[in-house]
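Everything below concerns the one structure shown next.
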Amino acid sequence: MGTGVEIEPHAIAPTPATAEPAIDPDAQRRQSWAGCARYVEPCTRSRAARVLLLSLGLAGGAISAGLLFGLGDRLVQTDPATLLVGAGTLAGVGAIAGAIAGRLGADGPALPDRLRPATVSLAQSYTGPRFLDEVPAHATLLRFAPNLYLPNHASVPGGAARLRLFGHVGGWLVPVREVDPRPQFTEVPAGQTGTAPSVLRQRRLSIGLGVDLAVPLPYPVLAPRRSARLGRAELRWRPELQIRRDRFAPGTSQATILERTMLLPLTVGVRWHLSARQRLTLYAGPRFDMVAFSDRGSDRLRRGGAQIGPLYGEAWYDIDVPLTGRPRRDARPRKLDANGQLTLGYIHAKLDGQGFDFGPVIGFLGPIHVGWATRLRPTGASGAARVAAQVGAFARIGSTTTVGLELGLVAPDLHLRGRGTR
Amino acid sequence: MSRHVLSALSVLAATLSLAVLASFVPGCVQPECTSPLYSIAECRVIAENQHARLRTSQGVELRFQEPDARDDASWDARGLVQELPDGSLEARVAGLGRFALSMRAPEDVDVTLRLRLTNVDPSATIGVGIAGLELLQPTDPAGGTTRELEVPMAAGQIQWVRGTRECGSRYRLTVLGDIQTNPTQFERIVDHLHAESLAAEQAGEPIVGLVIVGDLTESSRDDEFETLREILARVPFPVAVTPGNHDIYRPARPYYNLTFGPGNHAFDVCGVHVALLDSGSGSIARSVQARLPELLDRGDSQFLVVGMHHPPYPGLTGSGWSAEDRAAALLAEVAREEADLVVAGHNHALHEFSEIPVGDVSVREIIVGTGGAYQGLGVPRYGYLRLVFDDEAGTMDACFVEVPPSGYAGPQSEPLSRLPYCDEA
Numbered sequence: 000m001g002t003g004v005e006i007e008p009h010a011i012a013p014t015p016a017t018a019e020p021a022i023d024p025d026a027q028r029r030q031s032w033a034g035c036a037r038y039v040e041p042c043t044r045s046r047a048a049r050v051l052l053l054s055l056g057l058a059g060g061a062i063s064a065g066l067l068f069g070l071g072d073r074l075v076q077t078d079p080a081t082l083l084v085g086a087g088t089l090a091g092v093g094a095i096a097g098a099i100a101g102r103l104g105a106d107g108p109a110l111p112d113r114l115r116p117a118t119v120s121l122a123q124s125y126t127g128p129r130f131l132d133e134v135p136a137h138a139t140l141l142r143f144a145p146n147l148y149l150p151n152h153a154s155v156p157g158g159a160a161r162l163r164l165f166g167h168v169g170g171w172l173v174p175v176r177e178v179d180p181r182p183q184f185t186e187v188p189a190g191q192t193g194t195a196p197s198v199l200r201q202r203r204l205s206i207g208l209g210v211d212l213a214v215p216l217p218y219p220v221l222a223p224r225r226s227a228r229l230g231r232a233e234l235r236w237r238p239e240l241q242i243r244r245d246r247f248a249p250g251t252s253q254a255t256i257l258e259r260t261m262l263l264p265l266t267v268g269v270r271w272h273l274s275a276r277q278r279l280t281l282y283a284g285p286r287f288d289m290v291a292f293s294d295r296g297s298d299r300l301r302r303g304g305a306q307i308g309p310l311y312g313e314a315w316y317d318i319d320v321p322l323t324g325r326p327r328r329d330a331r332p333r334k335l336d337a338n339g340q341l342t343l344g345y346i347h348a349k350l351d352g353q354g355f356d357f358g359p360v361i362g363f364l365g366p367i368h369v370g371w372a373t374r375l376r377p378t379g380a381s382g383a384a385r386v387a388a389q390v391g392a393f394a395r396i397g398s399t400t401t402v403g404l405e406l407g408l409v410a411p412d413l414h415l416r417g418r419g420t421r
Numbered sequence: 000m001s002r003h004v005l006s007a008l009s010v011l012a013a014t015l016s017l018a019v020l021a022s023f024v025p026g027c028v029q030p031e032c033t034s035p036l037y038s039i040a041e042c043r044v045i046a047e048n049q050h051a052r053l054r055t056s057q058g059v060e061l062r063f064q065e066p067d068a069r070d071d072a073s074w075d076a077r078g079l080v081q082e083l084p085d086g087s088l089e090a091r092v093a094g095l096g097r098f099a100l101s102m103r104a105p106e107d108v109d110v111t112l113r114l115r116l117t118n119v120d121p122s123a124t125i126g127v128g129i130a131g132l133e134l135l136q137p138t139d140p141a142g143g144t145t146r147e148l149e150v151p152m153a154a155g156q157i158q159w160v161r162g163t164r165e166c167g168s169r170y171r172l173t174v175l176g177d178i179q180t181n182p183t184q185f186e187r188i189v190d191h192l193h194a195e196s197l198a199a200e201q202a203g204e205p206i207v208g209l210v211i212v213g214d215l216t217e218s219s220r221d222d223e224f225e226t227l228r229e230i231l232a233r234v235p236f237p238v239a240v241t242p243g244n245h246d247i248y249r250p251a252r253p254y255y256n257l258t259f260g261p262g263n264h265a266f267d268v269c270g271v272h273v274a275l276l277d278s279g280s281g282s283i284a285r286s287v288q289a290r291l292p293e294l295l296d297r298g299d300s301q302f303l304v305v306g307m308h309h310p311p312y313p314g315l316t317g318s319g320w321s322a323e324d325r326a327a328a329l330l331a332e333v334a335r336e337e338a339d340l341v342v343a344g345h346n347h348a349l350h351e352f353s354e355i356p357v358g359d360v361s362v363r364e365i366i367v368g369t370g371g372a373y374q375g376l377g378v379p380r381y382g383y384l385r386l387v388f389d390d391e392a393g394t395m396d397a398c399f400v401e402v403p404p405s406g407y408a409g410p411q412s413e414p415l416s417r418l419p420y421c422d423e424a
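Residue numbers (numbering that gives the first Met the number 0), protein chains in the order written: chain A, 0 to 421; chain B, 0 to 424.
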């Protein structure tokens with residue numbers, strides 16, 4: 000699941016689970032395409048919001064692409080334009096996917112147990128394809144993302160601010176192995192099936208750590224009479240540190256270490272709740288990279304200063320899907336509530352080597368993320384305090400494709416004051 | 000929980016598990032590029048290696064070799080060997096400076112091999128024989144980069160063609176990238192290189208070659224490659240090339256490799272070791288990453304220049320590698336070897352990053368995507384990078400030679416931020 004997947008328990012009106020109100024006095028108006036979404040209070044014009052998002056996404060992407068082609072590469076700083084192309088496209092695709100989801104399901108009410116990253120989870124991913132005598136990357140990551148909710152200040156009617164500590168530790172437990180495909184040998188080396196000699200072995204340690212502060216804005220953001228009521232918004236600040244340490248030819252006299260550190264101290268973001276069940280989240284900020292390396296056969300890293308890296312950015316579109324909203328056919332009570340979430344994402348960084356390329360457009364865009372996660376929580380009034388299970392599958396699509404599974408647990412959130420809620 | 004949910008989750012988990020497990024079963028995997036897509040870097044590694052050797056219709060085995068090689072058991076991707084439809088043989092030397100080509104006659108018959116060598120330095124000494132330098136070949140009176148050889152070979156005999164070039168202590172190397180839709184402008188640059196070549200020779204500072212860091216074509220089409228080949232035949236010194244993303248994205252055939260030979264190759268010319276890396280797919284192949292220590296080994300050369308299409312450090316140009324991990328691995332290798340310069344293109348502009356911190360080393364990188372490709376609004380800055388080496392002083396100076404477009408007298412009023420403009424000649 001991407002970092003943009005989460006829950007804001009106070010940001011959404013506390014509508015009862017999935018029970019539809021018995022009386023909807025303004026049903027006719029609410030069902031018009033630009034009307035307020037049903038079962039959502041206060042009013043959110045989800046369809047109009049998606050149309051606006053689609054327009055903004057297409058316009059932003061097209062203008063950026065036009066600037067790139069029109070003004071050309073002589074501008075030194077064209078990276079923001081490529082970020083806008085990626086984020087704008089994701090926004091457009093998200094708006095269309097959101098419209099389909101809204102049509103198939105509903106835009107409300109908000110799910111009371113909306114998904115966010117699991118408090119602690121184990122993710123296993125595989126990057127393929129695999130070729131003869133080669134070992135592709137299998138990554139195992141232990142992820143964590145506990146939440147701390149700050150006091151709900153009266154001046155912020157939208158809800159409480161949330162601070163999340165997130166990160167991961169893990170890597171490639173099995174070294175990646177690569178062969179040299181040049182067909183000059185006819186003998187089969189020991190331990191291999193083909194004749195191509197093994198030339199590269201690589202281990203990777205991956206560490207990430209950051210905090211994500213989300214502050215909801217009042218809703219409507221503008222004065223009520225001037226507001227188009229297009230959905231709630233949040234502002235975010237997410238400083239982050241990512242480290243990748245690669246060990247090449249481990250266990251040999253030629254072993255070297257490469258350590259890459261990505262510093263994102265000033266990443267800021269905004270979340271737009273286009274409906275009670277759909278959200279767009281954008282992050283952007285400067286990036287600083289540090290590359291350290293060792294001499295051959297040495298474990299001592301030669302460290303130096305930081306480079307100014309490409310602009311960092313992310314765009315996420317989340318769609319909540321209730322899986323147990325309807326009663327069972329046999330009318331027996333459910334023991335578990337299940338909610339799902341579809342996540343579409345674009346990451347404007349190729350730290351893990353997965354730029355998204357097509358045709359001659361190579362080296363400009365970061366990977367695309369598609370994920371599905373399901374949360375399973377015991378039903379009943381006491382369920383809120385229990386630990387929930389969360390399982391998910393994801394794919395990260397770029398010049399190579401990574402698929403993975405994630406199994407996690409969701410613990411009750413921490414609150415600086417007041418009783419814990421999900 | 001709904002049975003449907005459980006079923007869906009089970010199917011999902013089972014599918015993913017099967018996909019992962021299948022990858023461990025030996026019977027389910029095959030060598031890479033068994034069904035090649037030449038837009039994939041690793042497949043081009045195979046292609047460039049494959050086309051560096053040839054068994055001719057006469058049964059002669061021709062193989063490009065490492066210049067000091069004495070054994071023809073293997074070969075090295077340092078050129079392109081082709082038997083053309085008219086039956087003639089052509090061997091294009093990929094690098095500048097020294098080269099070697101082995102020729103093994105068939106076991107049962109004497110043959111006379113007629114071979115056209117292309118992309119050879121006009122001042123190079125070419126020798127043919129058992130060791131390779133016994134029979135010196137005459138130079139082309141026209142001073143071109145093509146030599147015609149006729150080599151009589153006894154049955155089973157192995158002969159070698161070797162080329163060497165004498166160097167003074169001062170010499171020049173020129174670099175550019177990104178020609179794409181504008182071979183006309185590139186022809187103007189070639190004209191300028193002609194003029195500079197004569198003046199530089201008289202100044203005792205000969206140009207030893209031109210390095211093109213990718214994007215020779217716009218759409219990887221045969222006719223585009225043919226046009227470039229014709230233009231490059233006019234360059235009065237050898238040209239070393241490596242592909243860009245626009246040269247490799249028609250995946251059916253390795254058009255680039257069939258025209259110019261290898262994209263990953265290293266050579267020594269005078270006192271410079273030049274390593275060219277095929278980053279056309281957004282990064283180098285993993286097997287090439289493994290060979291970086293070998294490719295970047297400068298040996299006895301005083302200077303090390305590393306060239307590729309995508310800049311490993313893009314700054315804020317937005318024109319980086321698809322695989323930043325491999326770009327960083329390359330930068331680390333460049334820093335470890337203390338390379339003098341990284342040259343790249345991709346960004347249609349001229350940028351210099353003079354001090355990129357990589358560990359405790361500062362790496363210098365120049366982006367010179369100024370070979371003719373569209374640069375956007377305003378008068379474009381076309382031209383090439385001139386590197387002047389002085390072996391005795393141990394210095395390498397870089398400057399930019401502007402070749403303005405037709406109808407513009409240039410140079411631009413906009414000054415270069417770091418690189419100086421070159422003095423004429």
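Glycine residues also receive a C-beta, built at the ideal position from the N, C-alpha and C atoms.
For residue j and residue i, the rounded distance between their alpha carbons
i, j, result
"Ala328(B)", "Val44(B)", "19 Å"
"Arg181(A)", "Gly86(B)", "27 Å"
"Thr124(B)", "Arg164(B)", "6 Å"
"Arg176(A)", "Ala254(A)", "14 Å"
"Ala425(B)", "Val378(B)", "Here chain B comprises residues numbered 0 to 424, so residue 425(B) is not present and cannot be evaluated."
"Ala16(A)", "Val39(A)", "Confidence is the limiting factor: at Ala16(A) the pLDDT is only 45, short of 50, which leaves the residue's position unreliable, though a coordinate-based value still follows. Rounded to whole angstroms, Ala16(A) to Val39(A) spans 12 Å at the Cα level."
"Leu341(A)", "Asp319(A)", "7 Å"
"Gln64(B)", "Gly354(A)", "35 Å"
"Val240(B)", "Gly101(A)", "53 Å"
Residue interval of the alpha helix (DSSP H) (run including residue i)
i, result
"Val120(A)", "Going by the sequence as given, residue 120(A) is Ser instead of Val. Here Ser120(A) belongs to no alpha helix (DSSP H); instead the beta strand (DSSP E) covers 119–127."
"Gln49(B)", "40–49"
"Thr88(A)", "78–103"
Chain B contact for residue i (CB, 8 Å cutoff)
i, result
"Leu310(A)", "yes"
"Ser45(A)", "no"
"Glu313(A)", "no"
"Arg231(A)", "no"
"Thr81(A)", "yes"
"Arg302(A)", "yes"
"Gln389(A)", "no"
"Pro359(A)", "yes"
CB contact below 8 Å: residue i versus chain A
i, result
"Val28(B)", "yes"
"Asn118(B)", "no"
"Tyr312(B)", "yes"
"His264(B)", "no"
"Arg285(B)", "yes"
"Met0(B)", "Model confidence at Met0(B) stands at a pLDDT of 44, short of 50, so the residue's coordinates are unreliable; what they give is reported in the following sentence. Yes - at least one Cβ of chain A is within 8 Å of the one on Met0(B)."
"Gly94(B)", "no"
"Gln288(B)", "yes"
"Gly375(B)", "yes"
Bounding residues of the beta strand (DSSP E) (the contiguous stretch that carries residue i)
i, result
"Tyr254(B)", "Where Tyr254(B) is concerned, there is no enclosing beta strand (DSSP E), although the alpha helix (DSSP H) it sits in stretches over 254–259."
"Gly362(A)", "360–364"
"Ala291(A)", "287–293"
"Pro377(A)", "367–377"
Positions along the segment 148–175 of chain B whose CB lies within less than 8 Å of some CB in chain A: none
Cβ-based contacts, 7 Å cut-off: residues of the segment 192–214 of chain A near chain B: Thr192, Gly193, Ala195, Val198, Leu199
Positions along the segment 30–43 of chain B whose CB lies within less than 7 Å of some CB in chain A: Pro30, Glu31, Cys32, Glu41
Uninterrupted beta strand (DSSP E) stretches inside the segment 152–236 of chain B (no shorter than 3 residues): 157–163, 169–175, 206–212
Where the segment 266–293 of chain A meets chain B: residues whose CB sits under 7 Å from a CB there: Val290, Ala291, Phe292
Contiguous beta strand (DSSP E) assignments of at least 3 residues, all confined to the segment 302–361 of chain B: 302–307, 340–343, 349–357
Residue ranges of each alpha helix (DSSP H) within the segment 221–258 of chain A, 4 or longer: none
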